[in-house]
RNA sequence: GCUCCGAUAGUGUAGCGGCCAAUCAUUUCGGCCUUUCGAGCCGAAGACUCGGGUUCAAAUCCCGAUCGGAGCACCA
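In the working numbering, the protein residues as written are 440 to 954.
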């Protein structure tokens, strides 16, 4: 062995060839790179996963990651996907009744139809039963310390007086809590963990508290006033639903340590867990659902599908395809690093998908009129989809005036020769409020030769179009055919991809997707 | 402060002791093609946070530093 160590890799290799050729073969094997998500450890016995949001707003880009990655694993291993609403806080993060439906809609739209939908607020009795059982096992106690009192005990790592009470006493006090005799804030049910745990976050955490605020779901309302906290509810549900793998934000890592105490008391097996870091998107920053909700109420946004918001419904309205989101998030994988990324990545995926089918149209934002001398009346026939000529063309009748975008108009020079795309060549004769030009004979070859510009245009009697973008609203004139593409994602040539949303009073509204 | 994590091109991501003078995508820049500043094709640019150690061999293992993040709630 000493002899081998002194020599280099090459020698080492040839030496190996003489003593153990079968090992050398192993050395030469190429490792296959994994496409998409890495395999899930422990998936052999079947996979059940859940996505567990608090429905206090519609799903956002962040939720999409959870929905897509969880459901993708389930799909790959032929398992079960559960959508579970963790809606057990009627007070500080009150659920929004509409959001339950929104989650279901958006899951479906993303191609993640849940096999089962669970609503925690329907299952309080189950949690109460488990709480009682926990107390009976000596794993829980009713604590009437105030928050600050308990904080002192926790910081010192010492038990509070209630910790030592008998099981019978605790059961009585638990029944009192449930019975409504105790004021909100005067008692909680704690899980007995370890007051000396090195991580204070783990020490005797709260499992249930009393909340007087009614639950926003009308069918629940004020039926209950003792509510479990996430760690208790989630711990019990994950077991009951036979969840095998959990993927969640790394902010919940300590949660797992807390929940493991419950699993220990009940002798359950904890699911495998994976965590991901925080995602920050340049274009949107960090917006919490509750902040967005408040901004909508203030009128800062038009609603949850405002194109400036990172909600799934907004992206959908803008024409972002589910497949773009799926590819994107599957490519991101599951990683504990916090990431900061740009929407460009998603737009790039979307562009590839949408370009294959999007019809092309002319749209001139902030239009400026161009009067063309000696222009013969004609009909322009640009292709509907240039890569596929057999899809036919649009027809745009033109007299002797067109509109061009202000951006193009500002770049014009006197006497400039240019081409109106798919129409004819013109020469600029006068730049004014109305631009004057003259019709010039000659085809595209002249333009190419002289490297002149080709710009798009719209007929003055075209259709009025309002485009809603992330930055604001832009209005202009588009070719009439746009009205035939309502609901479709199209490309406004030299402008970008938009989804034609609707038409009202002869005005088309489009949502801007990306360039 | 205490308890945990993490660090690969501008942005993401693969790799997890010899196939790595490091993958793929996006980005940026050239060129071709095209009656779009779109798409496509070709080419180029660009990274293992730093310092020690272990080893014949380190992006990969260990220790430390730096930077970043999460938790320490009767929120999820």
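Just so you know, even glycine gets a beta-carbon here, dropped at the ideal spot from N, CA and C.
Given the structure is predicted, the values throughout are model-derived calculations rather than measurements.
So is residue 588 buried or exposed if we call it buried at 16+ other beta carbons inside 10 Å? exposed
For residue 827, count neighbouring C-beta atoms within 10 Å of its own C-beta (all shown protein chains included) and say buried if the count is 16 or more, exposed if not. exposed
Mind checking residue 601: buried by the 16 CB within 10 Å criterion, or exposed? buried
Can you tell me whether residue 698 is buried or exposed, with buried defined as 16 or more other CB within 10 angstroms of its CB? buried
Give me the Cα-Cα distance between residue 743 and residue 540, rounded to the nearest whole angstrom. 14 Å
Cα-Cα separation between residue 754 and residue 789, rounded to whole angstroms: 11 Å
Between the Cα of residue 637 and those of 696, 662 and 707, spot the shortest distance and give me the residue it belongs to. 696
Using only alpha-carbon positions, find the residue among 570, 681, 677 and 650 that is nearest to residue 437. Here the chain has residues from 440 to 954 only, and residue 437 is not among them.
Determine the DSSP secondary structure at residue 743, reduced to helix, strand or coil. coil
At a cut-off of 7 Å, is residue 816 close to the ligand ZN when judged by its beta-carbon and the heavy atoms of the ligand? You won't find the ligand ZN in this model; it holds no ligand whatsoever.
Short check: CB of residue 818 to CB of residue 836, under 8 Å? yes
Could you give the distance in angstroms between the alpha-carbon of residue 760 and the alpha-carbon of residue 484? 34 Å
Give the DSSP-derived three-state secondary structure of residue 582 in the structure shown. strand
To which residues of the same chain is residue 518 closer than 7 Å at the C-beta, ignoring the five residues directly before and after it? 485, 486, 487 and 488
Within 10 angstroms of the Cβ of residue 473, are there 16 or more other Cβ atoms? Answer buried if so, exposed if not. Bear in mind that the predicted position of residue 473 carries a pLDDT of just 45, short of 50, making it too unreliable to give a figure here.
Looking at C-alpha atoms only, which residue of 727, 533 and 693 is the closest neighbour of residue 713? 693
Beta-carbon separation (whole angstroms), residue 710 vs residue 683, contact threshold 8 Å: 6 Å
Considering just the uninterrupted stretch of the beta strand (DSSP E) at residue 956, what are its terminal residues? No information on residue 956 is available, as it lies outside the stretch 440 to 954 that the chain covers here.
C-alpha gap between residue 834 and residue 558, whole angstroms: 54 Å
Backbone CA spacing between residue 707 and residue 685 [nearest angstrom]: 15 Å
Same chain, Cβ closer than 8 Å to residue 622, neighbours up to 5 away in sequence not counted: 649
With DSSP as the reference, please indicate the residues paired to residue 842 in a beta bridge. 808 and 897
From which residue to which residue does the beta strand (DSSP E) around residue 711 run? 711 to 715
Determine the DSSP secondary structure at residue 797, reduced to helix, strand or coil. coil
Considering only residues of the same chain and omitting the five flanking positions on each side of residue 723, which have a CB-CB separation below 7 Å? 749
State the DSSP-derived secondary structure class of residue 663, mapped to helix, strand or coil. coil
Cβ contact check for the stretch 893 to 901 and the stretch 835 to 849: 3 or more pairs under 8 Å: yes
If I measure Cβ to Cβ from residue 700 and keep anything under 6 Å in the same chain, skipping five residues before and after, which residues do I get? 630 and 632
So, are the CB atoms of residue 917 and residue 801 less than 8 Å apart? yes
Close-in-space but distant-in-sequence residues of the same chain around residue 634 (CB under 8 Å, 5 per side omitted): 592, 593, 596, 597, 598, 602, 642 and 643
According to DSSP, is residue 922 helix, strand or coil? helix
Inter-residue Cα distance where the pair is residue 579 and residue 498: 35 Å
Does the beta-carbon of residue 721 have 16 or more other beta-carbons within 10 angstroms, so that it is buried, or is it exposed? exposed
Given residue 862, which residues of its chain have a CB within under 6 Å of its CB, disregarding the five upstream and five downstream residues? 819
Applying the 10 Å Cβ sphere with the 16-neighbour rule, what's the burial state of residue 793? buried
Counting only the same chain and skipping the five closest in sequence on each side, list residues whose C-beta sits under 7 Å from that of residue 766. 788
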